[in-house]
Structure formats: C-alpha cells, structure tokens
Amino acid sequence: MISRRAFLLGATAAGAAGFAPSALGHMAVSRDTLPPNAPVRHLALSAAEMEVALLGPDKPKTQGFCAYNGTPFLTWRVPLGTRLMVDFENRMPTPTTVHWHGIRVPNLSDGVAPLTQEPIPAGGRFTYNVPLPDPGFYFFHPHCDETGQVGRGLVALLLVEDPAEARLGFDLEHIIAVKDWRLDADGRWMPMFTDEGASTAGSFGTVRATNGSVIPPRIEAPAYGDVRLRTIVADSTRTIEFGCDTNNAAIIAVDGQALVPLPLSKLPDEVWRMGPAMRLDVHVRMPGPGEEVKVFDYRTAEPYLLTTLVAVDKGKKKTPFKPIALPAAKVPLPDVRRAKKLDFIVQTSAGATAIAPPLPADDPLAKALIDSFCVGDKTFWAINRTSWGAGADLRLPPPLDILKDGDSYRLTITNVTKHVHPMHLHGHVFRVLSSTRKTAIPPYLADTVMTEPNETVEIAFRAKSGDWVFHCHILEHMDAGLMGWFRVA
Ligand code: C2O
Ligand code: CU
C-alpha cells in the first residue's frame, strides 16, 4: 500500500521538475522510510562549473571543474531521522540528475534517468525528497553522464549523525576522500570515457589526490587518542587496499553500516579492498606524542600514502586499545532462510541477448529510451546477457527480474571477467553473506560489494517497492552496459 503522504511527496518531487516526466505513470512510488511527522530540513543545492587549482600551487588552474554549491567535496552533516527536501538547480551547461547513494529514498527521488525521472536540463530544477532513516556515511552524485561529471569533481558527502555517537568518546573524526584527477600537464581534462578504459579496468586518473590535494594531508590528533577515520573511494575507477601502519585499528562500519569491530590485523594482508563508491569507518588509536600513523593504499606496487595522522600531546594517558562499537544498524534485514535465490553473471557483452522477463507492453517503461548524453557510446559489459543501453541502442532493457515487495532475496553474483567490479544496488542496504575468495570475513551490511575475477559473492536483502538499478560502480563500465534493474512491485 502506498500511503497518501508518500504519494504526495513523490508527486511534489516530480512536479517540481518543470516538465512532464515521461516514465512516471507506473506505480514505482515506494513506501516512506520515515514517519510523516519527521523533522524536515529544506536545503538548496546547485551544480555548476568552476575553476580550481588541482595540480597544486604554481601550476596551471583547471577550468570546468564541477561542484555542488561551489564547494569541492561539499559535506553535509544531518541528524538521523531528518527528511531533507533538496531544491536542486542545474547550473551546468549539460543535463544531470542527483542520486543519493546508499540512502533508502523513495523511488522517485533516486535520480536515475529514465527509470525514475528525466535528465534535468541546463537551467532546470528538481526537488528531491531524501528521508534519512539510517545513520552513516553516504554520498551523492549525478546519474547521467556520471563518468564525465564525477570525473570532473561532482560528488558530495552526506553524514547522517546519530546523537548517540557523540557519547562514544572519539577525540577526532577525519574524512579521507580518495579521488584522482584525469588531467594533462597544463591542467586540462583528458577524456573520461575511453574505449580502452571502458573495456578493461577503466581509465585511471593521471594525478592521485586525497581530499582534492595532490599532497597527502597531515592531520594532528591527540596522542593516545581515538580517531574515527571515515574513508570513501569517490574515484570513478580506482580500487584501493586500505591499511595503516599500526595494529591498533579496527573497522567499525562498512558503507556507513555498523558492524562488530573487525581489527584490520585479522584481515588477509591486513587490508580492506575498496572499489569506487565504497566507504569504511575505522577506529584508529593514536601512538605517543610525536609519533605518526600512516594510512596507505597498499594496492599499488609502491604503497600510496593517503594521509598521515600526527600525534600531539593533549594530556591523554596511554590505555589499552579497545575498538569502539557503533550503535547496531537498524536497516530491514532479509529472512535468509526463506529468501528466494537468484543468480547473476557479470560478463562481457559479446554475444549478449536479453534473457530477462519483458515488461508488459502497456508499461510506460516498456518503450522508454535512455538519453544518449547520459551513457557511453559503446557497450562492453552485461549482467545475465542483458546490457544497459549505450551507443546506438538506447532502449531501456527489460528488468533483470521482477521481485515482490517485502520478500527476501538471495543473490549470487559471479564475475567471469578479468577485471574487478564493485556492484551496487540502489534503494536497499544488503547483507554480504559470503564470498568464494574472502572466506575469513563474517557477514556484514553494505550497499556496494566487490567482485573479483572468478569470484562469486552472495548478498541478501528485503525488497522494497520501486524500480532500482543494480550496476558496477566503475563508471565507464556502468556507462558501457554494466547496469540492470529490478522492478519490485
Ligand atoms: Cu553511487 Cu547508481 O550509484
Ligand atoms: Cu565494473
């Protein structure tokens, strides 16, 4: 049942777009995830181009950087349980949408063209209804020409704060945003989508950076203090192996969802592999005054220094390290025993022909077309022989499957390609149950899961009504076919 309020909120969001959304005739309005009396916060959001010195001081500046509200890595902190009504204006010369990654939003605020809205043209506006039912570390980004716009900087962070966390005793919280820049020596953008990249591991940035800076940040933290390090891979392409040079570090949340603290020292190679879109909260205990903790990406042959934490004396005494557990996550959990099993293969598109169930002919989405500006011009990838539209074939593919609202599903995802694919499902938080390669990791909650070549991972979730995409978060892969969708009705 769709509550009248949820329907009205959806209608507001669609009506504010200022044009007739073509595909919204179908019943994809999903249940609200907050009570009707939840506090509302109205926020203005715009996307525009600007000039930024990305290569460092004394180097040529970069034009055409894309940012929200004129702020690279705009960061919003909002109390848990708030409903954001976001008045968005597109001040860029090209179409865009906004997707609220990892947040259980109503389907009409999910930002996916053409499933949930039309692209917002230059000068256009759209109001997003973004309830925040779960604490954690989220982000938002475009979902049309995502490769081009995110490549040029268009991402923002959204931290949903549980007041109970303030009492946990962290001395410092610090964000590490991993994002490279694809620039030539004169600070000009290089093409974000290349056939060579899109058909392999993706086109990497030419310049590595942390929080926008090519110089790894040095951050002061109280000696013997407790630091909450919140890391996001906001890059379009890069996968990192997060690690640090201390034994006193434990993972306390994945993709914003709390887990029983997992010491990094218990993991294979003492690292956590993070692909594009993945977030990780780590509790780090600082050493004594003057000492440092270095945080690295160990995936590259020469470990890349992401950030240095420098211990400064603030009068804190040395105590044994005990990882701080966050309040347990409260997202709807799947009934794994009764879950229906579905199998998905991530593959190249060679010879792909859809085997998915077609939509009824009278469904407004049955003949929907994808805006050519939103996707790449070639198709290289598929899920179960079905590719998202790209290039000359811009028809919306049929759904990968039609699921039932409230039912639990257990998905196996098998990667039969030679490259990693971080797979993301919209509108849900899922449980990662198992992996054929990472057998030492207990189940945890996430919204994006890494699949390595020849690996099968199993996830489970409780389906929520709406039309939700399921895709690789290496953006060129997604724009070259590696995206499908589920109808949950
Ligand atoms: Cu960050 Cu479709 O996702
Ligand atoms: Cu991929």
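So that you can map any letter, position 264 of the sequence shown is 257 in the numbering used here, and since no number is skipped, the others follow by simple counting. Think of the CB as a built atom: it goes at the ideal place given N, C-alpha and C, for glycine as much as any other residue. This structure is a prediction, so every number in the text was calculated from the model and none was measured.
Asked                                                                                                                                                                              : Found
Using 9 Å as the threshold, is the C-beta distance between PHE373 and SER342 below it?                                                                                             : yes
When you compare the CB positions of GLY236 and LEU252, do they come within less than 9 Å of one another, or not?                                                                  : no
Just to confirm, are ASP173 and ALA202 a CB contact at a threshold of 9 Å?                                                                                                         : yes
Excluding five sequence neighbours on each side, which residues of the same chain lie with their C-beta closer than 7 Å to the C-beta of TRP478?                                   : LEU108, PRO392, LEU393, ASP460, TRP461, VAL462 and PHE463
Does the beta-carbon of LYS360 have 16 or more other beta-carbons within 10 angstroms, so that it is buried, or is it exposed?                                                     : exposed
In angstroms, rounded to a whole number, what distance separates the CA positions of LEU508 and ALA194?                                                                            : This structure leaves residue 508 out entirely; the chain is present only between -6 and 482.
Within the same chain, show all residues whose beta-carbon is closer than 6 Å to that of THR75, passing over the 5 residues directly before and after it, in chain order.          : PRO32, ARG34 and LEU125
I'd like to confirm something about ALA270: is its beta-carbon nearer than 8 Å to some heavy atom of ligand 1, or not?                                                             : yes
How far does the alpha helix (DSSP H) with GLY141 in it reach, from first residue to last?                                                                                         : 139 to 144
Cα separation between VAL329 and MET43?                                                                                                                                            : 48 Å
When the Cα atoms are used, what is the spatial distance from TYR402 to LYS333?                                                                                                    : 5 Å
Can you give me the Cβ contacts of ALA482 inside the same chain, cut-off strictly under 8 Å, excluding the 5 residues immediately before and after it?                             : MET20, ILE395, LEU396, LYS397, ASP398 and SER458
Listed in chain order, which residues are found with a beta carbon closer than 6 Å to a heavy atom of ligand 2?                                                                    : HIS414, CYS465, ILE467, HIS470 and LEU475
Can you tell me which of the three DSSP states PHE479 falls into?                                                                                                                  : strand
For SER428, does the three-state DSSP call read helix, strand or coil?                                                                                                             : strand
Anyone know if the C-beta pair for ARG424 and ALA456 falls short of 9 Å?                                                                                                           : no
What did DSSP end up calling LEU259 once you bin it into helix, strand or coil?                                                                                                    : A small fix is needed here, since residue 259 is Lys in this sequence, not Leu. Three-state result, LYS259: helix.
Let me know the beta strand (DSSP E) ranges lying completely inside the stretch 135 to 210, each 3 residues or longer, listed in chain order.                                      : 149 to 154 and 165 to 171
Rounded to whole angstroms, what is the Cα-Cα separation between GLU285 and PRO350?                                                                                                : 56 Å
Alpha carbon to alpha carbon, what distance is there between PRO184 and ASP355?                                                                                                    : 40 Å
If you reduce the DSSP assignment to three classes, tell me which class GLU469 lands in.                                                                                           : helix
Considering only residues of the same chain and omitting the five flanking positions on each side of THR68, which have a CB-CB separation below 6 Å?                               : LEU150
Any heavy atom of ligand 1 closer than 8 Å to the CB of PHE454?                                                                                                                    : no
Do you know offhand how far PHE366's Cα is from GLY180's?                                                                                                                          : 24 Å
Taking C-alpha atoms, which residue in ALA37, VAL442 and THR87 lies nearest to GLY57?                                                                                              : THR87
Distance, Cα to Cα, ARG266 vs THR232?                                                                                                                                              : 7 Å
So VAL339 and HIS414 are supposed to be a Cβ contact under 8 Å. How far apart are they, rounded?                                                                                   : 5 Å
Kindly list the residues whose CB is nearer than 8 Å to the CB of SER15, restricted to its own chain and excluding five residues on each side of it in sequence; keep chain order. : Caution is warranted here: a pLDDT of 37 is assigned to SER15, below 50, making its placement in the model unreliable, and the coordinate value is therefore given only provisionally. Around SER15: PRO107, GLU111, PRO357 and ALA361.
Compare the C-alpha of LEU335 against each of GLY268, ILE406 and PRO215 and name the closest.                                                                                      : ILE406
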